[in-house]
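Going down the list, the protein sequences come from chains H and X. Everything in the first sequence is counted per our numbering, starting at -1 for the first residue and increasing by one. Everything in the second sequence is counted per our numbering, starting at 5 for the first residue and increasing by one. All C-beta atoms, glycine included, are put in the ideal place defined by N, C-alpha and C. Every value quoted in this text rests on a predicted model; they were computed, and no experiment measured them. Please read the structure below before turning to the comments.
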Amino acid sequence: MEPERGRCTRRLFGATLIRDTHTAAGAGEVTLLSISLRLSDALAQMRVLALLLVAVYPPGLQPGAVATDGAAAVAAAHVLSELYELVQRAHLAPEAGTPASGVGGGGALQTSLRVLMATVKPYLDALDTWLREGELHDPYGEFLVRADPAVAIHCAAFWRDAFTLRRRSTPQSSPSTPTGKDRATKDREPAPGPVVCPTFLRSVAEEVLATGAWVGDIYMSYDSLSLVISLTR
Amino acid sequence: MRRRTHATLMSPQSIQHTSADARCKTAPLNPPPDPPPCPQALLDRIVAAATCAQTVRAFARRVRADPAPTSAVDADGATTTRRGGACGPTLQALAGCLNAELDAVMVDVRSAEQRLCANGNGTPCAYMDSSSVPFLWNPNEAAALAVCLAQH
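Take a look at the structure:
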């Protein structure tokens, strides 16, 4: 234990010791102020990273356990939406930072932006594959489009049911004595829940679904046509 | 045309600003200076930062340990999929990025170690003779600091 502690102490002191060789007062002098200044950026950065994590941490997330259906999508949507909000708020008021999270300052904006860009990449890759190739690679089930493998391609409902937007389940209505008006609404389709996706994609979710489905259909038709042509030759 | 008085032109916000301006005028021009650094305050800041680093590292570890979804094809050719955890690629990317940012900070600290080392051979020296170095904390504080940083 003692050698380990000694090594840590040496590393720490080696990192923090500053010899103020440029000061006229004392060459080789170490001051608390110089140590504090030298460590200032690193300490602030550590704090920003932890605050970012706390600000975007999905509520109820329990890593290590097998998740319920759609839990990964909810978590991903929450993280990306919160990160996007943080960056927007930090961008609008770089000096003030983001009061809600406590992440502040221009450095925090740059850090938030870097974290957002790195975090959103897998989601954008999946989006890119879906829009360009009409294929869905989503083993964790966190993308806004979900596939139903039970719906066969020759099934009449394929176009409607094979790919759907991932939605939050709507809460069950409370059991009570139905009035005439209630009975009328009960016969109707239940209102779909909100789409589970990052907020910056919500307004184009329907278009994303339709585009990928169409592109996938075109590719499948092309493959079938090529097969028919090759067989008839 | 009805002539507006000054009072009707003032919105509640402008009144609030006026009050704030008035308060600023009564405040001293120079804010009180920062308190001089003391070993305990610096130690507290480092301990707080190390706690933050621990939080990030713990999150990365937990995400890494999250079960991945698996799929297997049985004898009939049917695919059986076993659901994984809630930490998909997005959370994994978040954890990886935060971890990498933290590593970068530590690299900065270590490069400072190389740069600042007095004798140039990788062996810090000044702390060996702390009695001759002004303003350094006492050995107990240093040990606590080292233990704290070693934990993350």
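Other residues of its chain near residue i: CB distance less than 8 angstroms, five sequence neighbours each side excluded
i	result
H/R284	Missing from the structure shown is residue 284 of chain H; chain H here goes from -1 to 231 and no further.
X/F63	A99, L102
H/A208	none
H/L162	It is Thr, not Leu, that sits at residue 162 of chain H in the sequence shown. Only V143, R144, D146, L207 meet the Cβ criterion.
X/A31	Unreliable positioning characterises X/A31 in this predicted model, as indicated by a pLDDT of 48, which lies under 50. The coordinate reading is nonetheless provided below. Here the set comprises nothing.
X/S75	T83, T84, T85, R86
Cα-Cα separation, residue i to residue j
i	j	result
X/D107	H/Y55	20 angstroms
H/A42	X/R61	16 angstroms
X/P73	H/Y138	6 angstroms
H/L225	H/I216	14 angstroms
X/T55	H/Y82	26 angstroms
X/V109	X/A57	10 angstroms
X/G81	H/E140	26 angstroms
X/R68	X/A97	10 angstroms
H/V149	H/W157	9 angstroms
H/G62	H/R87	32 angstroms
X/D48	X/R66	27 angstroms
H/T230	H/W212	27 angstroms
X/A79	H/A71	31 angstroms
H/M115	H/L134	22 angstroms
H/L223	H/D126	25 angstroms
H/R36	X/T94	34 angstroms
H/Y220	H/A160	19 angstroms
H/G105	X/V111	18 angstroms
H/G228	H/L51	According to the sequence as given, residue 228 of chain H is Ser; it is not Gly. Distance between the alpha carbons of H/S228 and H/L51: 55 angstroms.
X/E105	H/I151	46 angstroms
H/A65	X/T84	17 angstroms
H/Q39	X/A53	For the sequence presented, residue 39 of chain H should be read as Asp rather than Gln. Each residue's Cα considered, the two are about 11 angstroms apart.
Buried versus exposed, by CB contacts within 10 Å (16 or more), residue i
i	result
H/C153	exposed
H/T117	buried
X/T4	Past the edges of chain X, shown from 5 to 156, lies residue 4 of chain X, and the structure says nothing about it.
H/D76	Note on residue identity: the sequence assigns His, not Asp, to residue 76 of chain H. Buried, because 16 or more other Cβ atoms sit within 10 Å of the Cβ of H/H76.
X/R86	exposed
H/Y121	buried
H/E234	What is shown of chain H runs -1 to 231, which leaves residue 234 of chain H out entirely.
H/M218	exposed
X/D88	Sequence check: residue 88 of chain X is Gly here, not Asp. Buried, by the Cβ-count rule.
H/D67	exposed
X/V77	exposed
X/G92	buried
H/R45	buried
H/A48	buried
H/A155	exposed
H/T109	buried
H/V113	buried
X/P35	Here the model assigns X/P35 a pLDDT of 49, short of 50, so the residue's position is not dependable and the matter cannot be decided.
Under 7 angstroms from the C-beta of residue i: neighbouring residues of chain X
i	result
H/L51	T59, V60, F63, L102
H/L59	A90
H/L47	C56, V60, L102, E105, L106
H/A117	Note that residue 117 of chain H corresponds to Thr in the displayed sequence, not to Ala. In chain order: T94, A97, L98, C101.
Cutoff 6 angstroms; reference residue i; Cβ partners in own chain excluding five residues on either side
i	result
H/A69	none
H/A73	P56, L59
H/G210	W128, L129, G132
H/G257	The question about residue 257 of chain H has no answer here: the residues shown for chain H are numbered -1 through 231.
X/P71	G88, G89
H/P196	A75, L78, S79
H/F198	Y82
Other residues of its chain near residue i: CB distance less than 7 angstroms, five sequence neighbours each side excluded
i	result
X/N125	Here the model assigns X/N125 a pLDDT of 43, short of 50, so the residue's position is not dependable and the matter cannot be decided.
H/D136	A124
H/L111	V85
H/H89	L107
H/R200	V193
H/S167	G191
H/S174	Summary for H/S174: the model assigns pLDDT 49, below 50, so the residue's position carries little reliability; its value from the coordinates is reported in the next sentence. Same-chain partners within the cutoff: there are none.
Closer than 7 angstroms at the beta carbon, the chain H residues around residue i
i	result
X/V109	A40, Q43, M44
Chain-ordered neighbours of residue i on chain X, where CB pairs are closer than 8 angstroms
i	result
H/T197	Chain X residues near H/T197: none, gap ~14 angstroms exceeds 8 angstroms.
H/G62	R66, A69, D70, P71, G89
H/T109	E105
H/V113	L98, C101, L102, E105
Under 9 angstroms from the C-beta of residue i: neighbouring residues of chain X
i	result
H/L84	Those do not exist, as H/L84 stays about 12 angstroms from chain X at its closest Cβ, beyond 9 angstroms.
Near-chain H residues of the segment 59 to 91 of chain X - C-beta to any C-beta below 7 angstroms: The residues in question are T59, V60, F63, R66, V67, A69, D70, P71, P73, R87, G88, G89, A90, C91.
Contact set between the segment 138 to 167 of chain H and chain X, restricted to residues whose Cβ is under 8 angstroms from the partner: From the segment 138 to 167 of chain H, only Y138, G139, E140 have a Cβ closer than 8 angstroms to chain X.
Proximal residues, the segment 64 to 80 of chain H versus chain X, C-beta separation under 7 angstroms: So the list reads V64, A65, A69, A70, A73, A74, V77, L78, given in the order they occur along the chain.
Interfacial residues, the segment 119 to 136 of chain H to chain X, with Cβ spacing under 7 angstroms: Within the segment 119 to 136 of chain H, the residues whose Cβ lies closer than 7 angstroms to some Cβ of chain X are K119, P120, Y121, listed in chain order.
Residues within the segment 189 to 222 of chain H neighbouring chain X, beta-carbon criterion of under 8 angstroms: Listed by position, the residues of the segment 189 to 222 of chain H near chain X (Cβ gap below 8 angstroms) amount to none.
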